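In our numbering, the protein residues as written are 993 to 1226. Positions of the beta carbon are idealized from the N, C-alpha and C atoms, including for glycine. A quick note: this is a predicted structure, and the numbers were derived from the prediction, not measured. Working notes, structure below.
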Amino acid sequence: LCPDGNDCDTLALVDGGSQYALLNSTISTATDGQFYFGQPGDVALYGDWDGDGTDTPAMFRPSNGFVYLRNDNRTGVAHQEFFFGIEGDIPIVGDWDGDGDDTLAIYRNGEVFVANQLGTVAAEYSFYFGNPGDRPFAGDFDGNGVDSVGLYRESSGFVYFRDSLSSGTADFDFYYGAPEDKIVAGDWDGDGDDTVAVYRPSTGTVYFRLSNTQGNADSQLLVGSNYRFAHRRS
993 LCPDGNDCDT LALVDGGSQY ALLNSTISTA TDGQFYFGQP GDVALYGDWD
1043 GDGTDTPAMF RPSNGFVYLR NDNRTGVAHQ EFFFGIEGDI PIVGDWDGDG
1093 DDTLAIYRNG EVFVANQLGT VAAEYSFYFG NPGDRPFAGD FDGNGVDSVG
1143 LYRESSGFVY FRDSLSSGTA DFDFYYGAPE DKIVAGDWDG DGDDTVAVYR
1193 PSTGTVYFRL SNTQGNADSQ LLVGSNYRFA HRRS
């Protein structure tokens, strides 16, 4: 899946007890380590918060709207915490300005609110995309170094996304996966473009696609059915 010499994304899996498992490839369940962070009920996140080239965890706590993040992959308390969003918001991690640091956006009833710094700040801009109930995800779908937003309609497996952070119709759309699947995007083959994968809890399997087109999985990996989140890990 990842040619020799290429820099490819892998996955960080989070179970119901807030334990992270960091896979070191997309063809094996061997890990680079495991640790605990957050509480059951937190929304697990993963990103490069300080621009050092290593993704580390964060948690969004819907009960109070706070984000808690760490700058290493070890059990411990948050290195930074701040208020961002309200109950019902869905956080999205991405590098929205291409500066090498990941920050957060919020998806709220079909509107995306984007912030290019971490902290209790007002969104720098917002735009409308999709329908309430769609599940947002982020990726660099066109290889330009800037992440944009995709949406996944879990009821039907409909995937659609834009290549810019602006209101408008989808630049690409296709069907992939099945109801109940959890979507994630990453550069699985190191070609510079992010493509989708889905984690299916009922089978405990991740299904990877190497192009953003309708079709069967190019590769799959059995990881187990006890995970509640799967995240891209760069």
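Excluding the five sequence neighbours on either side, which residues of its own chain have a C-beta within less than 6 Å of the C-beta of residue i, listed in chain order?
i	result
ASN998	GLY1182
GLY1137	GLY1090
SER1211	LEU993 and PHE1200
GLY1077	GLY1057 and ILE1098
Residues in the same chain with beta-carbon distance under 7 Å from residue i, minus the five sequence neighbours each way, listed in chain order, please.
i	result
ALA1250	The structure shown does not extend to residue 1250, since the chain is modelled only from 993 to 1226, so the question has no answer here.
GLU1073	PHE1058, VAL1059 and TYR1060
PHE1105	ALA1097, ILE1098, ALA1115 and SER1118
THR1023	ALA1013, LEU1014, LEU1015 and ASN1016
PRO1124	ASN1101 and GLY1102
GLY1160	ARG1154
ASP1064	THR1048
Near residue i, which residues of its chain fall below 8 Å by C-beta distance, leaving aside the five closest residues on each side in sequence?
i	result
GLN1011	GLN1026, PHE1027 and TYR1028
GLN1031	SER1010, MET1051 and ARG1053
Should residue i and residue j be called a contact, given that it needs their Cβ atoms to be closer than 8 Å?
i	j	result
ILE1019	LEU1143	no
ALA1004	ARG1225	yes
VAL1190	TYR1168	yes
ASP1081	ARG1053	no
ASP1093	VAL1085	no
ASP1163	ARG1145	no
GLY1135	GLY1184	yes
Which partner residues of residue i appear in the DSSP bridge assignment?
i	result
ILE1084	ALA1097
VAL1059	PHE1052 and PHE1074
ALA1222	LEU1005
PRO1128	LEU1143
Measuring alpha carbon to alpha carbon, tell me which residue in the options is nearest residue i.
i	options	result
TYR1117	ALA1107, PRO1049, GLY1149 and VAL1188	ALA1107
ALA1115	GLU1103, TYR1219, HIS1223 and GLU1073	GLU1103
PHE1119	ASN1101, GLY1125 and GLY1111	ASN1101
ARG1220	TRP1180, PHE1150, GLY1207 and ASP1173	ASP1173
SER1217	ASP1007, ASP996 and GLY1039	ASP1007
THR1002	ASP1093, SER1017 and SER1148	SER1017
GLY1149	ARG1066, THR1187, GLN1206 and ILE1078	GLN1206
PHE1075	ASP1185, VAL1151, LEU1110 and PHE1166	LEU1110
LEU1037	ASP996, THR1048 and SER1147	THR1048
Is residue i near the ligand MN, in the sense that its beta carbon is under 7 Å from a heavy atom of that ligand?
i	result
THR1002	Ligands displayed in this structure: none; no statement on the ligand MN is therefore possible.
Subject >> the stretch 1191-1198 / the stretch 1150-1162 touching (three or more Cβ pairs under 8 Å) >> reply: Judged by Cβ distances under 8 Å, the stretch 1191-1198 makes no contact with the stretch 1150-1162, as fewer than three pairs qualify.
Original post:
Do the stretch 1119-1138 and the stretch 1051-1061 meet, that is, are 3 or more Cβ pairs less than 8 Å apart?
Top reply: Judged by Cβ distances under 8 Å, the stretch 1119-1138 makes no contact with the stretch 1051-1061, as fewer than three pairs qualify.
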